[in-house]
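> Residue numbers (the numbering used here): 146 to 560.
For each residue, glycine too, the CB sits at the ideal point set by N, CA and C.
Please read these numbers as outputs of a predicted model, since none were measured by experiment.
This is the structure, below, for whatever I ask next.
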Amino acid sequence: MEIRKTNKPLKAVIQLPGSKSISNRSLMIRAYSRNPIKINFLSEADDTLLLRKALDQIRHSADISVPMVIDCGNAGTVYRFLLSYLASKPGQWLLTSALRMLSRPIGDLVDSLRSLGADISYTRETGFPPVLIKGKVLKGGRAVVATDTSSQFASSLVMAAPMWEKGLDIELTGTQSSMPYLEMTLSLMEHCGAKISRSDDRISVLPVPYRKAELIVEADWSAAAFWYELVGLSHYGELFLKGLSTQSLQGDKKMIEFFKHMGVSTFEEPDGILIFKSAEKRVPLHFDLHHYPDMLPALVAVCCGLGFETIFTGLRNLEFKESDRTLALQKEMKKIGCQFEKIKEGEYRLSPSFIEDYANTGIVFQTYGDHRLAMAFAPLVAKLNRLTIERPEVVEKSYPNYWTELFSTGLIAKV
């Protein structure tokens with residue numbers, strides 16, 4: 146899809162999608178609960194639709210004498226959350242996935258579940274999907290889980306714990322990453338009646354079942370990063386992001402602080418936030434994304450577009466996302482003269498170029514099947530005047546209406 150910059154000013158009201166992170170956790174809590182849990186404003190992202198479909202398939206399973214095949218596509222969250230769910234549910238389950246997921250490790254979560262009595266075996270390579278699960282009633286107890294690869298391993302376990310006879314005492318080991326997502330999980334659980342205590346690297350979940358509750362899915366802060374990026378790349382303009390709140394459960398609200406350096410100011414209003422262009426701070430930047438890895442594509446793109454030299458740290462797990470994001474960014478940013486180089490494990494340096502030299506040259510950005518890369522590359526049209534996005538449909542994974550919203554800004558049009 147080819148897009149171009151118009152001469153119109155940047156000013157629009159943006160309807161963000163519901164958070165798929167909150168949506169998927171809410172669906173799992175409801176699946177575990179014996180009491181009704183109402184979910185409002187559930188995300189329409191592909192990952193959430195996939196999880197709903199899988200849970201419905203599991204719920205209506207009849208013959209448990211042969212394995213039921215549950216396909217999680219390229220949705221890492223869905224795979225990890227269903228691992229604990231199916232291990233706790235009597236029956237036989239073959240949990241499989243798309244090709245990309247076959248290289249995303251799950252061994253730490255499987256080891257933790259096995260220590261609690263789960264019957265899980267690998268059908269191909271040890272430590273990776275697919276797996277055969279012989280589900281049964283688990284009692285819970287004590288477990289250790291490494292969170293180097295993903296905090297979703299811990300989230301998967303703790304959401305099941307209220308339904309286990311002994312609850313769960315879990316020790317988190319390794320370099321803890323993306324911890325705001327685990328905090329989100331615990332907050333949603335507590336809202337639904339779970340009894341939880343935490344100290345340092347330990348979490349205790351009592352065997353107190355979820356109660357009747359109502360959950361409201363917030364607007365997605367992760368999706369807001371691409372609108373912050375667009376404002377940062379514009380000379381002037383403003384966008385109103387409907388439904389966002391600085392009091393959000395989502396850790397990615399940290400972008401308010403990060404994007405100040407790119408001249409994006411934030412003003413909160415009762416029904417959302419207004420972001421607008423202000424003065425940039427032209428100094429070398431350093432972003433630690435250990436807990437905010439999803440912001441990397443937008444931050445790399447905006448720093449390339451503005452010519453900011455930047456150090457990024459906390460990036461050890463990016464190769465296990467929907468694509469190898471660090472490698473993809475290295476390749477694609479080179480097309481506009483930017484060097485995104487690895488300094489050491491988890492640390493990268495961005496050396497920008499003069500992006501205007503590449504304006505009107507017809508840059509074609511590959512998306513590697515990754516929704517966040519597609520949404521990060523598109524705003525660069527504000528500097529390049531025109532560009533092409535390959536496989537634009539990948540945004541449906543998290544933000545189905547992204548292109549409609551992008552064209553509604555007036556600044557960008559489809560060729």
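With distances taken from CA atoms, which of Phe403, Arg470, Lys183 and Thr241 is nearest Glu270?
Locating residue 270 in the sequence shown gives position 125, where the first residue counts as 1. It is Thr241 whose Cα lies nearest to the Cα of Glu270.
> With a 10 Å radius around its C-beta and 16 neighbouring C-beta atoms as the bar for buried, classify Asn219 as buried or exposed.
Walking along the sequence shown from the start, residue 219 turns up at place 74. So Asn219 ends up on the buried side.
> By Cβ distance below 7 Å, which residues in the same chain neighbour Ala305 in space, the five residues on each side in sequence not counted?
Indexing the sequence shown from 1 puts residue 305 at position 160. Within its own chain, the residues whose Cβ lies closer than 7 Å to the Cβ of Ala305, once the five positions on either side in sequence are excluded, are Tyr177, Ser229, Tyr230 and Ser233, listed in chain order.
> Below 7 Å CB to CB, which residues in the same chain sit around Glu316 once its five sequence neighbours on both sides are set aside?
Residue numbering aside, residue 316 sits at position 171 when the sequence shown is read from its first letter. If we look at Glu316 and ignore the five residues flanking it on each side, its Cβ neighbours are Val289, Asp346 and Arg347.
> Report the option in Asp192, Asp439, Phe499 and Lys476 whose CA atom is closest to the CA atom of Phe510.
Numbered from 1 along the sequence shown, position 365 holds the residue referred to as residue 510. Comparing Cα-Cα distances from Phe510 to each of Asp192, Asp439, Phe499 and Lys476, the minimum goes to Lys476.
> Which residues bound the beta strand (DSSP E) around Glu492?
Residue numbering aside, residue 492 sits at position 347 when the sequence shown is read from its first letter. Unbroken beta strand (DSSP E) run through Glu492: Glu492 to Ser496.
> Within 10 angstroms of its Cβ, does Phe298 collect 16 or more other Cβ (buried), or is it exposed?
Looking up residue 298 in the sequence shown gives position 153. Buried: at least 16 other Cβ atoms inside 10 Å.
> Along the chain, where does the alpha helix (DSSP H) that runs through Leu331 open and close?
As a first step, residue 331 must be located in the sequence shown, where it is residue number 186. Looking at the DSSP string, the run of the alpha helix (DSSP H) that includes Leu331 is Met324 to His336.
> Using 10 angstroms around the beta-carbon of Ser210, count the other beta-carbons present and answer buried if the total reaches 16, otherwise exposed.
The residue labelled residue 210 in the question sits at position 65 within the sequence shown. Exposed, because fewer than 16 other Cβ atoms sit within 10 Å of the Cβ of Ser210.
> Go through the region 197-284 residue by residue and report every complete run of the beta strand (DSSP E) that reaches 3 residues or more, in order.
213-216, 236-241, 264-267 and 276-280
> When the Cα atoms are used, what is the spatial distance from Leu351 to Pro307?
Residue 351 sits at position 206 when you count from the first residue of the sequence shown. Residue 307 sits at position 162 when you count from the first residue of the sequence shown. Going from the Cα of Leu351 to the Cα of Pro307 covers about 6 Å.
> With a threshold of 6 Å on Cβ separation, who are the neighbours of Val255 within its own chain once the five nearest residues in sequence on each side are excluded?
Against the sequence shown, residue 255 aligns to sequence position 110. Ile265.
> Count the other CB atoms, across all protein chains shown, that sit within 10 Å of the CB of Pro275; report buried if there are 16 or more and exposed otherwise.
Locating residue 275 in the sequence shown gives position 130, counting from the first residue. With 16 or more Cβ atoms within 10 Å of its Cβ, Pro275 is classed as buried.
> Quick check: Ser344 and Ser323, are their CB atoms within less than 8 Å of each other?
Counted from its first residue, the sequence shown places residue 344 at position 199. Counted from its first residue, the sequence shown places residue 323 at position 178. No, Cβ-Cβ distance for Ser344 and Ser323 is not below 8 Å.
> To the nearest angstrom, how far is the alpha carbon of Ala527 from that of Ser543?
Your numbering for residue 527 matches position 382 in the sequence shown. Your numbering for residue 543 matches position 398 in the sequence shown. So the alpha carbons of these two residues sit roughly 23 Å apart.
> Please return the same chain residues whose Cβ sits closer than 6 Å to the Cβ of Leu123, not counting the five positions on each side in sequence.
What is shown of the chain runs 146 to 560, which leaves residue 123 out entirely.
> Would you kindly work out how many angstroms separate the C-alpha atoms of Ser248 and Cys483, rounded to a whole number?
Taking the first residue of the sequence shown as 1, we reach residue 248 at position 103. Taking the first residue of the sequence shown as 1, we reach residue 483 at position 338. Pairing Ser248 with Cys483, the inter-Cα distance amounts to about 28 Å.
> Using the Cβ count rule (16 or more neighbours within 10 Å means buried), how would you classify Asp397?
Here residue 397 is taken as the residue at index 252 of the sequence shown, counted from 1. By the 10 Å Cβ count, Asp397 comes out buried.
> Would you kindly work out how many angstroms separate the C-alpha atoms of Asp439 and Ala339, rounded to a whole number?
Translated into positions along the sequence shown, residue 439 becomes position 294. Translated into positions along the sequence shown, residue 339 becomes position 194. The alpha-carbon atoms of Asp439 and Ala339 are separated by roughly 28 Å.
> If we ignore side chains and look at the alpha-carbon of each, how far apart do Trp366 and Tyr547 end up?
For the purposes of this step, residue 366 is taken as residue 221 along the sequence shown, with counting starting at 1. For the purposes of this step, residue 547 is taken as residue 402 along the sequence shown, with counting starting at 1. Each residue's alpha carbon lies about 14 Å from the other.
> Starting from Arg287, trace the beta strand (DSSP E) both ways and give me its first and last residue.
Working through the sequence shown from its first residue, we reach residue 287 at position 142. Taken as a continuous stretch (DSSP letters only), the beta strand (DSSP E) holding Arg287 covers Gly286 to Ala291.
> Compare the Cα-Cα distances from Asp502 to each of Gly286, Leu227 and Cys449 and report the closest residue.
Position 357 of the sequence shown, counted from the start, is the residue given in the question as residue 502. The shortest Cα separation from Asp502 among Gly286, Leu227 and Cys449 belongs to Cys449.
> Taking only three categories from DSSP, how would you classify Lys357?
Sequence index remark: in the sequence shown, residue 357 carries index 212 (1-based). In the structure shown, Lys357 sits in coil (DSSP, three-state: anything other than H, G, I, E or B).
> Can you give the Cα-Cα distance for Ile159 and Glu550, rounded to whole angstroms?
Position 14 of the sequence shown, counted from the first residue, corresponds to residue 159. Position 405 of the sequence shown, counted from the first residue, corresponds to residue 550. Cα to Cα, the separation comes out at about 6 Å.
> Note down, in chain order, each residue of its chain lying with its Cβ closer than 6 Å to the Cβ of Thr512, except the 5 sequence neighbours on either side.
The residue given as residue 512 occupies position 367 in the sequence shown. Only Leu518, Ala519, Glu535, Arg536 and Val539 meet the Cβ criterion.
> Look at the Cβ atom of Ile167, then the Cβ atom of Glu363, and state whether they are nearer than 8 Å.
As a position in the sequence shown, residue 167 is number 22, starting the count at 1. As a position in the sequence shown, residue 363 is number 218, starting the count at 1. Taking 8 Å as the Cβ cut-off, Ile167 and Glu363 qualify as a contacting pair.
> Alpha carbon to alpha carbon, how far is Leu375 from Leu434?
In the sequence shown, residue 375 corresponds to position 230, counting from 1. In the sequence shown, residue 434 corresponds to position 289, counting from 1. Their Cα atoms are separated by approximately 20 Å.
> Assuming Ile481 contacts Ser498 under a Cβ cut-off of 8 Å, what Cβ separation, rounded to an integer in Å, is found between them?
By 1-based counting over the sequence shown, the position of residue 481 is 336. By 1-based counting over the sequence shown, the position of residue 498 is 353. Their Cβ separation, rounded to whole angstroms, is 7 Å, which keeps Ile481 and Ser498 in contact under 8 Å.
> For Phe412, count neighbouring C-beta atoms within 10 Å of its own C-beta (all shown protein chains included) and say buried if the count is 16 or more, exposed if not.
Residue mapping note: residue 412 aligns to position 267 of the sequence shown, counting from 1. Classification of Phe412: exposed, given that the 10 Å Cβ count is below 16.
> With DSSP run on the structure shown, which of helix, strand or coil describes Asn185?
Residue numbering aside, residue 185 sits at position 40 when the sequence shown is read from its first letter. Strand at Asn185.
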